[in-house]
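**Q** One structure coming up, written as structure tokens, with questions to follow.
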Amino acid sequence: MRFYFRDATMQTELAEIVKNIFKRPLLRYTFIISTAISVFLPAYGHFMIYPEFQNQLKDYAKDTAMRVATHLKSSIYSHGTTLTAQSITPKVIGDVTSLTKDLKIEKIKIFAKSGLVLFSTAPQDIGQKNKHSYFFEHIAKGKTFSKIVDEQDMTMEGRKVTSKVVETYIPLMAEGEFKGAVEVYYDITESGHKLAAIIQELYTTITIASFLFFSLLLVILFKASRNTLVKEAAEEALIEARSHLEKTVDQRTTALKQTNRSLVHEIEERICTEDSLQKSYDTQRITNRLLQESLRETPLEDILDICLDLVLSLSWLSFESMGCIFLVEENSDTLVMKTQRGFPDELAALCSNVAFGRCLCGRAAETQQPVFSSNIDRRHDILLPGTPDHGHYCVPLTANKKTLGVINIYVKPGHNKDDMELAFLEAVANTLSGILIRRRGEQQQREIEQRLSHSHKMEAIGTLASGIAHDFNNILSGIMGHAQLTSMNLDKAEKANQHIDQIHKGAKRATELIQQILTFSRQTAHDKKPVRLSPIVKETLKFIRSSFPANIKIVEQITSKSKVKADPTQMHQVLMNLCTNAFHAMRQTGGTLCVNLSEIRYNQDVGSPVIPETRGDLFMLLEVSDTGHGIPKDIQNKIFEPYFTTKKPGDGTGLGLAVVLGIVEDHSGWINVKSDPERGTNIQVYLPVFGDNVETEETEEQIDVQGGTECIMVVDDESSILDFYSGLLGAYGYRVVTFSDGLSALKAFNKNPGAYDILITDMTMPEMTGDILAREILKLKKRFPIILSTGIHDRISKADALKAGIAEYLPKPLEGKKLLSTIRNLLDH
């Protein structure tokens with residue numbers, strides 16, 4: 037196919053266009069049909085329209101003849117239905133004349149039944165007879181006969197006409213019989229000429245329209261063919277260009293595919309890198325968070341909760357929202373669940389303690405290797421009925437070849453083991469292991485420090501033992517002396533009561549001394565709370581006065597009753613250690629011990645080597661001074677070092693001041709030391725004041741004593757104490773039942789629980805201790821009021837007793853009024 041441009045020759049282009057018209061079916065058929073239409077229309081006008089107009093003219097003439105015949109019929113039949121010569125009346129003749137003139141009729145004839153001409157506008161025709169067959173075969177049978185006769189043609193009756201007429205025969209019928217006929221020659225020459233002119237004009241119009249249509253069609257076909265050729269040329273060029281483009285695209289696509297594969301590979305590598313970075317970031321973030329919480333001294337249980345929540349919250353891990361963390365108790369082969377998420381109560385109870393080697397977690401703990409399960413299998417030793425299928429990651433917490441715990445995470449059934457997930461859990465497990473090791477090391481260090489502190493307390497008490505024994509001997513001497521005087525004056529009630537009152541005061545002094553020794557020597561967890569130092573200082577000085585020799589004078593000056601946030605027992609220990617050191621400095625020569633308690637604000641003269649940021653705060657100043665031999669300047673910077681001492685072997689371990697410094701710094705305070713070998717030593721302890729420092733006067737508690745009639749069960753292994761209870765409680769109306777051991781008391785209560793209203797029991801007794809007796813009785817009768825009385829405070833604390841359901845905790849020796857008030861209060865409430 038050649039291309040067509042403006043410079044192509046017209047002849048070649050025309051030939052190609054014509055050829056294309058006959059080549060393409062649509063254009064070819066369009067040309068043929070259009071040509072046929074252009075030829076058909078003029079022919080149709082000549083052969084169809086003109087004859088049709090002729091027939092219309094004939095019908096019009098026939099219709100006119102019918103109207104003439106009908107008009108004449110009424111005139112002819114006015115004198116009878118038989119058509120004869122007499123029927124041609126003047127009226128008939130006049131009507132014929134009038135019709136001929138008005139309707140431009142050439143001639144009218146009236147025939148009798150026999151064909152005889154009875155009347156004619158041409159007189160020469162009268163008397164002639166129509167013998168033609170058409171008259172008798174058509175007209176006589178009642179049929180109308182009509183014919184167009186052109187100029188110079190012969191009529192039916194054989195007459196030559198000079199104009200174009202329509203010859204029409206109309207039968208005259210009467211009563212269904214043929215009576216005659218009327219022949220009308222209607223001149224249509226003028227109408228024919230007009231019709232011919234119209235036909236000629238129509239024919240010309242049709243011919244011109246056909247020519248124009250054909251010409252227009254040729255132009256359209258020419259343009260269509262040319263456009264088709266141009267389109268084909270353009271399509272051919274487009275196909276060639278497209279082919280070239282496809283080849284180019286294929287080449288580029290191949291290169292692009294190669295580039296795309298490289299890009300996809302690079303994107304995949306980047307995604308993997310991003311995933312690895314995200315996972316590394318999450319791992320680092322979680323481990324950092326756990327380490328931060330550990331450094332903040334967050335409780336271990338809270339750290340485990342945070343850890344489990346963080347692990348289960350990561351979106352890239354395909355974990356279920358269910359898991360737990362176990363820890364191993366000291367010197368045990370049992371996992372104890374410390375925290376869990378998503379566990380039903382029944383399953384949490386079953387998994388609360390898991391032995392090594394049992395179930396998946398126990399196997400991980402025993403082998404110290406991670407255990408994975410994609411579904412429930414035979415290793416699931418702990419399983420509730422109807423438990424949905426699931427899998428596990430069980431990752432052990434290990435350190436120094438010891439199992440510390442297990443992280444247990446649930447996964448969906450059919451989950452495939454993922455090395456990245458396992459590595460993440462192992463990293464978390466390693467972090468928790470480090471935290472556990474650190475916390476346990478810190479706990480061991482605190483226990484060692486407590487033991488050392490307790491050892492130093494015992495050392496201080498040993499140092500003061502002779503003074504304590506001296507004070508107790510004085511108290512006992514007074515009690516025994518007044519007891520003898522009481523027995524000598526039994527008949528003198530007033531004097532006997534005076535001696536009994538002195539015995540009571542001596543016993544109270546002994547009780548206070550014992551309480552001070554127990555407070556100082558008690559091993560308890562350090563619980564800091566707002567406390568006033570003034571009562572602690574006074575109690576400690578009472579104890580010291582009874583222990584120091586008479587050649588050491590004690591002077592106290594207490595001007596502050598503000599509070600500090602501190603542990604009371606440690607404050608006792610600080611003052612006790614400082615006073616004990618002062619005693620050693622003055623033991624040979626005697627002297628004066630001064631203890632001052634006041635408030636001071638931070639200023640330039642008061643240096644704080646520990647917390648310099650506290651400038652401007654209010655501090656409590658505890659100052660202990662002695663007039664002993666003092667501390668040489670060359671060793672003053674060593675006196676707070678552990679085990680450093682200038683005492684002789686057996687007189688001290690060198691822990692006293694080290695312990696004091698540790699306690700003070702733990703309470704956000706500091707110590708200043710001033711010493712002169714000739715004047716003695718002055719030690720200043722600074723502690724931050726806590727709260728609003730509003731001083732309140734302590735008032736002695738007023739106890740309202742009332743009796744009752746209830747039955748009281750009393751259990752104690754000391755018969756003298758049982759006698760005391762019986763005498764005191766019986767005197768106030770109570771019914772008292774005493775038992776010397778816990779087992780017999782439990783048997784009696786078990787037989788008749790309703791017989792007793794309240795229980796008073798000692799703690800330390802053979803066979804069954806008081807706390808166990810209380811627990812068994814509470815099983816038999818819930819909320820039964822129990823008072824636990826003990827003289828050994830380290831066996832069970834007040835908090836532990838109240839937590840176990842015991843209603844009241846009273847230390848020995850008991851004050852009668854306090855005991856009676858407590859009993860009444862419990863019975864009433």
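Counting in my numbering, the sequence shown runs from 37 upward without gaps.
Beta carbons: idealized from backbone N, C-alpha and C, even for Gly.
1. Starting from Phe147, trace the beta strand (DSSP E) both ways and give me its first and last residue.
2. Does the pairing of the segment 203–217 with the segment 144–152 give three or more beta-carbon distances under 8 Å?
3. Assign Thr663 to one of three DSSP states: helix, strand, or coil.
4. Looking at the structure shown, is Thr241 part of a helix, part of a strand, or coil, going by DSSP?
5. How should Glu203 be labelled, buried or exposed, when 16 other C-beta atoms within 10 angstroms of its C-beta is the threshold for buried?
6. How would you call Ile275, buried or exposed, if buried means at least 16 neighbouring beta carbons within 10 angstroms?
7. Under 8 Å, do Ile235 and Val201 count as touching if we go by C-beta distance?
8. Name the two residues that bound the continuous alpha helix (DSSP H) containing Cys615.
9. For Ser368, count neighbouring Cβ atoms within 10 angstroms of its own Cβ and tell me buried if that reaches 16, exposed if not.
10. Spell out the partners DSSP gives His428 in its beta bridges.
11. Count the other CB atoms within 10 Å of the CB of Ala767; is the residue buried (16 or more) or exposed (fewer)?
12. Using a Cβ-Cβ cut-off of 7 Å (strictly less than) and excluding sequence neighbours within five positions of Ala532, which residues of its own chain qualify?
13. How many Å lie between Leu340 and Met358 at the Cα?
14. Taking the alpha helix (DSSP H) that Lys215 belongs to, which residues open and close that run?
15. Is it right to say His280 is buried, meaning 16 or more other beta carbons lie within 10 angstroms of its own, or is it exposed?
16. Alpha carbon to alpha carbon, what distance is there between Asp286 and Ser316?
17. For His229, count neighbouring Cβ atoms within 10 angstroms of its own Cβ and tell me buried if that reaches 16, exposed if not.
18. Less than 8 Å separating the beta-carbons of Ile539 and Val573?
19. Do you know how far the Cα of Arg475 is from the Cα of Lys453?
20. For Lys787, which of helix, strand or coil comes out of DSSP?
21. For Asn632, which three-state DSSP category applies?
22. Secondary structure at Gly716, three-state DSSP: helix, strand or coil?
23. CA-CA distance, Glu575 and Ser598?
24. Go ahead and pull the three-state DSSP assignment for Asp798.
25. Have a look at Pro424, Thr625, Phe619, Thr797 and flag the residue whose alpha-carbon is nearest the alpha-carbon of Val631.
26. If you draw a straight line from the C-alpha of Gly705 to the C-alpha of Val721, how long is it?
27. Please name the residue in Asn786, Phe155, Ile757 whose C-alpha comes closest to that of Val772.
28. At which residues does the beta strand (DSSP E) containing Tyr883 begin and terminate?
29. Check this for me: beta carbons of Ala810 and Thr800, under 8 Å apart or not?
30. Go ahead and label Val266 buried or exposed: buried means 16 or more other beta carbons lie within 10 angstroms of its beta carbon, across all protein chains shown.
31. In whole angstroms, what separates the C-alpha of Phe355 from that of Ile832?
32. Give the single residue among Lys259, Ala291, Arg377, Thr467 whose Cα lies nearest to the Cα of Arg325.
33. Using C-beta distances below 8 Å, list every residue in its chain close to Thr370, excluding the 5 sequence neighbours before and after it, in chain order.
34. Just checking my contact of Thr71 with Phe249 at CB under 8 Å: how many whole Å lie between their CB atoms?
35. May I ask you to report which of helix, strand or coil DSSP gives Ala121?
36. Ile675: buried (16+ other C-beta within 10 angstroms of its C-beta) or exposed?
**A** Taking the geometry as given:
1. Where Phe147 is concerned, the enclosing beta strand (DSSP E) starts and stops at 141–148.
2. At 8 Å Cβ cutoff, the stretches touch.
3. Here Thr663 carries a coil assignment [DSSP, helix/strand/coil].
4. Helix, per DSSP.
5. Buried, by the Cβ-count rule.
6. With fewer than 16 other Cβ atoms inside 10 Å of its own Cβ, Ile275 counts as exposed.
7. The beta carbons of Ile235 and Val201 sit no closer together than 8 Å.
8. Start and end: 604–622.
9. Around the CB of Ser368, fewer than 16 other CB atoms lie within 10 Å, so the residue is classed as exposed.
10. Partner(s): Ser409, Tyr446.
11. Result: exposed.
12. Within the same chain, and ignoring the five residues on either side of Ala532 in sequence, the residues whose Cβ sits closer than 7 Å to its Cβ are Thr522, Asn525, Leu526.
13. Looking at the two C-alpha atoms, the distance is approximately 14 Å.
14. For Lys215, there is no enclosing alpha helix (DSSP H); the residue is found in the beta strand (DSSP E) stretching over 213–223.
15. His280 is exposed by the Cβ-count criterion.
16. Roughly 43 Å separates the two Cα atoms.
17. It is exposed - the Cβ of His229 has fewer than 16 other Cβ atoms within 10 Å.
18. With contacts defined as CB atoms closer than 8 Å, Ile539 and Val573 fail to qualify as a contacting pair.
19. So the alpha carbons of these two residues sit roughly 32 Å apart.
20. Of the three classes helix, strand and coil, the one that applies to Lys787 here is helix, per DSSP.
21. In the structure shown, Asn632 sits in a strand (DSSP, three-state: E or B).
22. Strand, per DSSP.
23. Near 17 Å, if we compare the C-alpha coordinates of Ser598 and Glu575.
24. Looking at Asp798 - three-state DSSP - the assignment turns out to be strand.
25. Of Pro424, Thr625, Phe619, Thr797, the residue nearest in Cα terms is Phe619.
26. Looking at the two C-alpha atoms, the distance is approximately 7 Å.
27. Looking at Asn786, Phe155, Ile757, the one whose alpha-carbon comes closest to that of Val772 is Ile757.
28. For residue 883 there is no data in the structure shown, the boundaries of the chain being 37 and 865.
29. Contact: no.
30. It is exposed - the Cβ of Val266 has fewer than 16 other Cβ atoms within 10 Å.
31. Phe355 and Ile832: Cα-Cα distance of roughly 45 Å.
32. Answer by Cα proximity: Thr467.
33. Val364, Asn389, Val390, Ala391, Phe392.
34. With a Cβ gap of about 10 Å, Thr71 and Phe249 do not count as contacting.
35. Helix.
36. Buried: at least 16 other Cβ atoms inside 10 Å.
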